[in-house]
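Sequence lines, in order, name chains A and B. First residue of the first sequence: 1, per my numbering; consecutive thereafter. First residue of the second sequence: 222, per my numbering; consecutive thereafter.
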Amino acid sequence: MHGLDFDIAHLLAGSLVLVSFMMIYQDRIYSLLNTFALQAVLLALAVAWQAWIQGAHHLYASAALALVFKGTIVPWALHRIVQRLGIHREVEVVTGVVPTMLAGMGLVALSILLMLQLTESAENALAREDLAFALSVILLGMLMMVTRRNAVTQVVGFMSLENGLILAAAGAQGMPLVVEISVAFSVLIAMIVIGVFLFRIRERFDSVDLESLDEFRGERR
Amino acid sequence: MTGADALSAVLVLPAGGAALLALLPGYRASSWINVATSFLTFVAAASLLVLDRPAPGDFLRVDDLNVVFVVLNTLVGFTAAFFSASYIGHELQIGRVTPANLRFYHAMYQMMMFGMNLALVSNNIGLMWVAIELATLTTVLMVGLYRTHEALEAAWKYFILGSVGIALALFGTILVYVAAQPVLGEGMPSMVWGNLISAAPRFDPAMLNVAFVFLLVGYGTKVGLAPFHAWLPDAHAEGPTPISAVLSGLLLNVALYALLRFKLLMAANEAAVAPGPLMIALGLLSLVFAALMLYRRRDIKRLFAYSSIEHMGIIVFAFGIGGPLANFAGLLHMVMHSLTKSAIFFAVGNVTQIKGTQNIAEIRGLTQSHPALGWGLVLAVLSIAGMPPSGVFMSEFLVVTTSFARMPILALILAFGLILAFAALLLRLSGIAFGAPSGEDRPMHGSLVPLWLHLALVYLIGLHMPQPMVDWFQTVAAILG
């Protein structure tokens, strides 16, 4: 493994984590969507780089999917949905930015401690660092899902979580079915996005705020 | 016909059926095509029991562990389709669904059967994940079928929690691959079950441990284990009743089957942490939590949804204890719960159509007003509560005695949970079934045949379990370790 190959893979995976942090402190939905698009583009680059250094050409398909679908179409569609449905332009949070950031740092530390210790014996340094970064992105995505109230921002959190998964799958040397899995995820995301849209366009919900789901929990009134 | 043909029929029939049903207008014909397709799939699956099994490939396999689950899956798929055919027409008449919805419903029904069958026969951890995702997506769509406020909310909640669950399961799957790759080499061989099991002793145990935690939380969400169960009661209560029957009876089993597969992998590696304690803890938590929640239910479908969480807890607990007897009990309980719980939902479907409500307080004296339905429900609920001589009693009895012999303190908690749930169910049942009939009395449309068929199976097995079945359970219990 050349030093440069490794460094670039490292840089790209690390910047995914960094963008995850940027997503946590965005307080406007539009800028959150833009940040997500940036993460998707970085993911596409990271996956394409893995495809190049592993000589795994099928990964280019995953990279292209990430770029076109998650980097372009989905953010654009969500922009339109926010516009059409007149959703609050501000991100509604459950906890403040500072505690969330601190929790996020804790999660990243946790995943690095866990993964690096775990893969100490592995001869492939690339795979182990990649897994640590990927788990960080996954945990930060989950953190975003639990600390956000609005359905659109939760969807963004889920997609960011899924970015971490694709990163992990691409980093696992020679893993088959990565393309199939990224297609399966794209279908899932497309359905979530369509779901958000349909919920509102039928005007069955007063808001897509998940808080109103909580009220419903338990029993039919 | 060879085993390979039967195996492809189990997958091709539902996939083809879904395509056909998506094209056909007219719900009457569609509902019977749905039944016929499900029946043929069941025949193909049952023939796998007697035909020579095809050699496992990179993607598909039939072995002792999955063959009976495939048969059970297609059997309940068929009876639920039959029930649905007699039931769903009335939902159209009272305007809860439109003809276009029904066309979609029937196509999705076969799609879901395809996803579940594929998950059961897959020989590949990646393919299994994709299949379970497919089954989840189709059930989400069906839970939201009525398009009411509540149904959409239930579907959305199921969607978000289910997605996070399967995302975590995928990370666990990737970690299993990462553990396997140094031993089995790059590419497809490192994802094939047969290879994984035989090479598992040489995997990195630490990696397997972490992978199992992700798999347990991920697939455990789909099993409905507390504290990841939040989607389950809403999804059961707001979807069409045939789908509640399939969700409880089949989809939970499929997710549990996936967990069992990975438990096997853990057990094959001696240095890896024993999965037992984790499963025991989650199982007991689900059991006691769900048993307590049973008391506050006012909605009849939610009541039985919580009962499903309780039974999943018992099963996971049994497999967590491990050993030939407890595994035997766990497998038997999976089969019995699946048959009984779907029977209960067939009965509940009729009850809600007759009374026009799911509110338990408004349902009274069913055994007087509708004896065949009322007594069927009584027998089914007694069975699920664990009264002898049903098969559920037998498996619960086995779980309790084994755990008393092995871990007396845990057995006390188990018995406490079981008694709590028993009392809660009987309390509710006495109101629903006995006393003076009250409330509305609309005509009944759903067929009672599937209900009584399932009951007959459950009680017959409880009275006398056929020898081949005992042999099969013993073989598989031994494999599970």
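Cβ coordinates follow ideal geometry from the N, Cα and C atoms, glycine included.
Here Leu139(A) is not near Leu113(A), since their CB atoms are 9 Å or more apart. Contact between Gly336(B) and Thr394(B) is absent: CB atoms are separated by about 17 Å, not below the 8 Å threshold.
Distance check between Tyr326(B) and each of Ser307(B), Trp350(B), Val364(B), Leu341(B) places Val364(B) closest, using alpha-carbon atoms only. Secondary structure of Asp520(B) (DSSP, three-state): strand.
9 Å or more divides the Cβ of Val292(B) from the Cβ of Ala257(B). A straight line joining the alpha-carbon of Ile565(B) with that of Gly612(B) spans about 15 Å.
Taking the beta carbon of Met409(B) as reference, the chain A residues within 7 Å of it are Pro176, listed in sequence order. Taking every protein chain shown into account, the CB of Val431(B) has 16 or more other CB atoms within 10 angstroms, so this residue is buried.
The DSSP-derived three-state label of Val318(B) is coil.
Distance from the CA atom of Leu85(A) to the CA atom of Val91(A), rounded to whole angstroms, is 15 Å. Against chain B, the CB of Ala169(A) has a partner CB under 9 Å away; the residue lies at that interface. Taking the Cβ atoms as the reference, Val93(A) lies roughly 6 Å from Thr147(A), within the contact range of under 8 Å. Boundaries of the alpha helix (DSSP H) harbouring Pro498(B): 497-514, taken from the DSSP string.
The residues Val361, in chain order, have a CB closer than 7 Å to that of Phe380(B) in the same chain once the five nearest residues on each side in sequence are set aside.
The shortest CA-to-CA distance from Val599(B) to any of Asn345(B), Gly577(B), Lys576(B), Ala654(B) is the one to Ala654(B). In chain order, Ala539, Ser616, Leu619, Val620, Thr623 place their CB closer than 7 Å to the CB of Ala550(B), counting only its own chain and leaving out the 5 sequence neighbours on each side.
Close to Tyr398(B), with beta-carbon spacing below 7 Å, are these residues of chain A in chain order: Ala172, Met175.
Around Leu481(B), the same chain offers Leu286, Phe540, Leu701 as residues with beta carbons nearer than 8 Å, after the five sequence neighbours per side are excluded. At least 9 Å separates the CB of Asn322(B) from every CB of chain A. The beta carbon of Gly534(B) lies closer than 6 Å to those of Gly504, Ser507, Leu508 in the same chain, with the five residues before and after it left out. Per DSSP, Asp692(B) is one residue of the alpha helix (DSSP H) stretching across 688-701. Leu16(A) sits close to Val137(A), with the two beta carbons spaced by under 9 Å. Closest by C-alpha distance to Ala190(A), out of Ala48(A), Leu118(A), Val152(A), Trp49(A), is Val152(A).
In the three-state reduction of the DSSP assignment, Arg585(B) falls in the strand class. In the structure shown, the three-state DSSP call for Ser563(B) is helix. Here DSSP, grouped into helix, strand and coil, assigns Leu281(B) to strand.
Between the C-alpha atoms of Leu594(B) and Ala568(B) there is a straight-line separation of about 7 Å. Residue nearest to Asp273(B) within the set Phe433(B), Ala495(B), Met222(B), Gly470(B) is Met222(B) (criterion: CA-CA distance). The closest CA to that of Ala401(B), considering only Gly543(B), Pro422(B), Leu391(B), is found on Pro422(B). For the stretch 148-160 of chain A, residues whose beta-carbon sits nearer than 9 Å to a beta-carbon of chain B comprise Ala151, Gln154, Val155, Phe158. Counting other Cβ atoms within 10 Å of its Cβ, Glu661(B) stays below 16 and is therefore classed as exposed. At a beta-carbon threshold of 7 Å, none of the residues of chain B lie near Glu92(A); the nearest stands roughly 16 Å away.
When Cβ-Cβ separations below 9 Å define contact, Val187(A) makes contact with chain B.
Here DSSP, grouped into helix, strand and coil, assigns Arg149(A) to coil. Distances from the alpha-carbon of Val434(B) to those of Ala390(B), His457(B), Gln695(B) put Ala390(B) closest. Chain B places no beta carbon closer than 9 Å to that of Leu11(A), leaving this residue out of the contacts.
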